[in-house]
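**Q** Structure in structure tokens, see below.
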Amino acid sequence: MPHDGRVPVHAEGMALVALSYEALGIIYADLGTSPLYVLNGIWPADGPVPPEEDVIGGVSAIIWAIIILPLIKYVFICPPFGTAEGEGGTFALYQGLFPPKHIDADSDRALTTYETTETSDLKSSRKSTISPKLRWPLMIWALFGTSLTLADGIFTPAVSVTSAVAGIAIAKPSVSGDVIPISIAFLVALFLVQFKGTHTLAFIFSPVMIAWFGLIAATGIVNIVSFPGILRAFDPSRAVLLFVRTKNYDLLAGILLALTGAEAMFAK
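Right, here's the structure in full:
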């Protein structure tokens, strides 16, 4: 059956504004809600109060982790490796390293087609600069990265929703014993509306994320005015000194929680 194939989306004007609005609810929702559990991952609420310099060092590590991965990697480095159809993801990065010849948009996705292709036939209009010997090791690495993305898709919703409900339990202790059932109810409700598609869900989530980002921005401004010394966290040496001083590299596990969902900036 003839078809036009898939083409990348080019939005301008109000269409670009609408697309950005949707991205706020779908792509940045995951990354933006990380503060719900990242600080508790670094300094548990039932643990001792950390010293001031440790707090500044931890915040510095979070800031620079976000600058290096979501900003530099996913905004400036990864997009050029997307497919010709505007798609992203781990395999798009792999294809950017070993670009195939131009083939039919649907035929290379057909799972029911079984045939072998000689390497000599996969000539591309853009020759790869990577040694062919690295093709299989990088393919295995791409599969490993995809596995991590799938694991993150299972892990993050559970942690995010549970942390949010646990926050409600702090304000209203009467629901503290029902955190798990309430979390499950939220996850089931979200699953049941998935069939509506991301376009519909985006217009539901985006207003919530605007309110959330506005709230944490206002809270941040108030706290910076109260304690301007926290601006020292923009000095990357503070993050390095945190690990030199404490010798506690387990803090990295909590700091990396600030990056959960960052892969959605490229994968979607």
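Numbers given in my numbering equal positions in the sequence shown, counted from 1, plus 2. Just so it is clear, CB atoms sit at the ideal spot from N, CA and C, and this is done for glycine as well.
1. For S185 versus V210, is the C-beta spacing smaller than 8 Å?
2. Measuring only the C-alpha atoms, how far is L140 from I223?
3. Please classify M16: does DSSP put it in a helix, a strand, or coil?
4. Buried or exposed, going by whether 16 or more other CB atoms sit within 10 Å of the CB of L18?
5. Can you tell me where the alpha helix (DSSP H) with F83 in it begins and where it stops?
6. Quick check: the Cα distance between A160 and V190, rounded to an integer number of angstroms?
7. So, at 8 Å on beta carbons, what are the nonlocal neighbours of E265 in its own chain, with the 5 sequence-adjacent residues on each side left out?
8. Please determine, among A168, K174, T200 and A173, the residue with the shortest C-alpha to C-alpha distance to F188.
9. Considering only the alpha carbon of each residue, which of A67, T202 and I218 lies closest to A260?
10. Where do the N-terminal and C-terminal ends of the alpha helix (DSSP H) with Y39 fall, by residue?
11. For a minimum of 4 consecutive residues, which ranges assigned as the alpha helix (DSSP H) are wholly contained in the stretch 157-214?
12. With A204 and E24 assumed to form a contact (beta carbons below 8 Å), what rounded beta-carbon distance in angstroms separates them?
13. Out of I156, I69, N42 and P175, state which residue places its alpha-carbon closest to the alpha-carbon of P238.
14. State yes or no: is the C-beta of S62 within less than 8 Å of the C-beta of T262?
15. For A166 and T202, what's the separation of their Cα atoms in angstroms?
16. I think G59 touches L244, with their Cβ atoms under 8 Å apart; what is that distance to the nearest whole Å?
17. I'd like to check one pair, G27 with S178: are the Cβ atoms closer than 8 Å?
18. Give a yes or no on whether the C-beta atoms belonging to A47 and Y96 are separated by under 8 Å.
19. In whole angstroms, what separates the C-alpha of T119 from that of F78?
20. Is DSSP giving T221 helix, strand or coil here?
21. With 16 other CB atoms within 10 Å as the buried threshold, where does F146 fall?
22. Classify I182: buried if its beta carbon has 16 or more other beta carbons within 10 angstroms, exposed otherwise.
23. If you check the beta carbons only, do D32 and T200 fall under 8 Å apart?
24. Buried or exposed for R247, please, with buried defined as at least 16 other CB atoms from any protein chain shown within 10 angstroms of its CB.
25. Have a look at Y251, F236 and V242 and flag the residue whose alpha-carbon is nearest the alpha-carbon of I65.
26. Apart from the five residues just before and just after I44, which ones in its own chain have a Cβ nearer than 6 Å to its Cβ?
**A** According to the structure shown:
1. The residue labelled residue 185 in the question sits at position 183 within the sequence shown. The residue labelled residue 210 in the question sits at position 208 within the sequence shown. Cβ distance not < 8 Å, so S185 and V210 don't count as in contact.
2. Position 138 of the sequence shown holds residue 140. Position 221 of the sequence shown holds residue 223. In this structure, the straight-line span from the alpha carbon of L140 to that of I223 is close to 44 Å.
3. The residue labelled residue 16 in the question sits at position 14 within the sequence shown. It is helical.
4. Numbered from 1 along the sequence shown, position 16 holds the residue referred to as residue 18. L18 is exposed by the Cβ-count criterion.
5. The residue you call residue 83 lines up with position 81 of the sequence shown. Element bounds for F83: n/a, residue is neither H nor E.
6. Translated into the one-based positions of the sequence shown, residue 160 becomes position 158. Translated into the one-based positions of the sequence shown, residue 190 becomes position 188. So the two alpha carbons sit approximately 11 Å from each other.
7. Position 263 of the sequence shown, counted from the first residue, corresponds to residue 265. Counting only residues of its own chain and dropping the five nearest sequence neighbours on each side, E265 has a CB closer than 8 Å to the CB of Y76, T151 and D154.
8. Start at 1 with the first residue of the sequence shown, and residue 188 comes out as number 186. Nearest C-alpha to F188: A168.
9. Position 258 of the sequence shown holds residue 260. When A67, T202 and I218 are compared, the shortest CA-CA separation from A260 is found for A67.
10. What you label residue 39 is simply residue 37 of the sequence shown in a count that begins at 1. P37 to I44 is the span of the alpha helix (DSSP H), which, as asked, contains Y39.
11. Considered as a whole, the stretch 157-214 harbours 181-194 as its complete alpha helix (DSSP H) runs of no fewer than 4 residues, in chain order.
12. The count along the sequence shown starts at 1 and reaches residue 204 at position 202. The count along the sequence shown starts at 1 and reaches residue 24 at position 22. Yes, they are in contact, since the Cβ atoms of A204 and E24 sit about 4 Å apart, within 8 Å.
13. In the sequence shown, the residue the question calls residue 238 occupies position 236. Looking at I156, I69, N42 and P175, the one whose alpha-carbon comes closest to that of P238 is I69.
14. In the sequence shown, residue 62 corresponds to position 60, counting from 1. In the sequence shown, residue 262 corresponds to position 260, counting from 1. Contact check for S62 against T262 fails: the beta carbons are separated by 8 Å or more.
15. Here residue 166 corresponds to residue number 164 of the sequence shown, with the count starting at 1. Here residue 202 corresponds to residue number 200 of the sequence shown, with the count starting at 1. When rounded, the distance between both Cα atoms is 23 Å.
16. Indexing the sequence shown from 1 puts residue 59 at position 57. Indexing the sequence shown from 1 puts residue 244 at position 242. Contact flag correct, Cβ pair sits at about 3 Å.
17. The sequence position of residue 178 within the sequence shown is 176, counting from 1. The sequence position of residue 27 within the sequence shown is 25, counting from 1. 8 Å or more divides the Cβ of S178 from the Cβ of G27.
18. What you label residue 47 is simply residue 45 of the sequence shown in a count that begins at 1. What you label residue 96 is simply residue 94 of the sequence shown in a count that begins at 1. No, these two residues do not count as a Cβ contact at 8 Å.
19. Locating residue 119 in the sequence shown gives position 117, where the first residue counts as 1. Locating residue 78 in the sequence shown gives position 76, where the first residue counts as 1. For T119, the pLDDT reaches just 45, beneath the cut-off of 50, and the residue's location in the model is therefore unreliable, although a value from the coordinates is still provided. Approximately 34 Å, taken between the alpha carbons.
20. Sequence index remark: in the sequence shown, residue 221 carries index 219 (1-based). In this structure, DSSP gives T221 a helical state, which the three-state scheme calls helix.
21. Your numbering for residue 146 matches position 144 in the sequence shown. An exposed status is given to F146, since fewer than 16 other beta-carbon atoms sit within 10 Å of its beta-carbon.
22. Reading the sequence shown from its first residue, position 180 is the one you call residue 182. That one is exposed.
23. Stepping through the sequence shown from its first residue, residue 32 is reached at position 30. Stepping through the sequence shown from its first residue, residue 200 is reached at position 198. Cβ atoms of D32 and T200: not closer than 8 Å.
24. As a working mapping, residue 247 is identified with position 245 in the sequence shown. The residue in question, R247, is exposed, as its Cβ has fewer than 16 Cβ neighbours within 10 Å.
25. Here residue 65 refers to the residue found at position 63 when the sequence shown is read from its first residue. Of the candidates Y251, F236 and V242, the one whose C-alpha sits nearest the C-alpha of I65 is F236.
26. As a position in the sequence shown, residue 44 is number 42, starting the count at 1. Closer than 6 Å at Cβ, skipping near neighbours: G60, L253 and G256.
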